[in-house]
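Asks: Per numbering that gives the first Met the number 0: the sequence shown = residues 0 to 105.
Here it is, the structure in full.
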Amino acid sequence: MVETFDNQRRRYASLGVVERLPGALIDSIWLIIDIDLKGVVPLTNMLYFDLIDNDGKVTVHFSQEISDVQMAVDLPFPYSDKYPSQVFAFDDGNKETILLPAEMLE
């Protein structure tokens with residue numbers, strides 16, 4: 000069985016994500032997957048991350064379908080209203096991509 004979100008696969012961020020989030024915040028989402036989730040929580044191929052304004056800083060809230068496990072990670076980055084409220088991390092078995100919900104339809 001192939002494990003989802005293997006950090007040896009190619010990883011990308013969609014154009015919409017790159018245009019709306021700083022690189023350090025995108026990298027932090029990958030780190031949350033690798034350090035806080037992988038090996039701790041059984042992961043599906045689609046992960047949900049809500050970006051929340053926590054007193055002017057970013058909190059990233061993780062969830063996924065078919066699981067009651069949720070987690071929030073406070074990050075040291077300033078929050079911006081220009082950030083999307085949610086991004087997805089998708090693993091198609093060959094590459095992994097962080098993308099906006101609307102980009103899943105494309």
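C-beta: ideal position from N, C-alpha, C; glycine also.
Source: prediction; values computed, not measured.
1) Quick one: residues in its chain with C-beta nearer than 8 angstroms to the C-beta of A23, no 5 flanking neighbours on either side, listed in chain order?
2) Where does S27 fall in DSSP's three states?
3) Give the single residue among K94, L42, L104, D26 whose Cα lies nearest to the Cα of Q63.
4) Helix, strand or coil: which one does DSSP assign to L20?
5) Using three-state DSSP, classify I32 as helix, strand or coil.
6) Can you tell me whether I34 is buried or exposed, with buried defined as 16 or more other CB within 10 angstroms of its CB?
7) Distance check for G92 and M0, CA to CA, integer angstroms please.
8) Go through the region 32-99 residue by residue and report every complete run of the alpha helix (DSSP H) that reaches 4 residues or more, in order.
Replies: In terms of the structure at hand:
1) Here residue 23 refers to the residue found at position 24 of the sequence shown. The answer, listed in chain order, is F76.
2) Residue numbering aside, residue 27 sits at position 28 when the sequence shown is read from its first letter. Helix at S27.
3) As a working mapping, residue 63 is identified with position 64 in the sequence shown. Nearest Cα to Q63 within the set K94, L42, L104, D26: L42.
4) As a first step, residue 20 must be located in the sequence shown, where it is residue number 21. Looking at L20 - three-state DSSP - the assignment turns out to be coil, as it is neither helix nor strand.
5) Looking up residue 32 in the sequence shown gives position 33. I32: helix per DSSP, three-state reduction.
6) For the purposes of this step, residue 34 is taken as residue 35 along the sequence shown, with counting starting at 1. With a 10 Å radius around the Cβ and a threshold of 16 neighbouring Cβ atoms, I34 comes out exposed.
7) Translated into the one-based positions of the sequence shown, residue 0 becomes position 1. Translated into the one-based positions of the sequence shown, residue 92 becomes position 93. Because the pLDDT of M0 is 48, which lies under 50, any placement of that residue in the model is unreliable, and the question is left without a value.
8) Entirely contained in the region 32-99, not one alpha helix (DSSP H) run reaches 4 residues.
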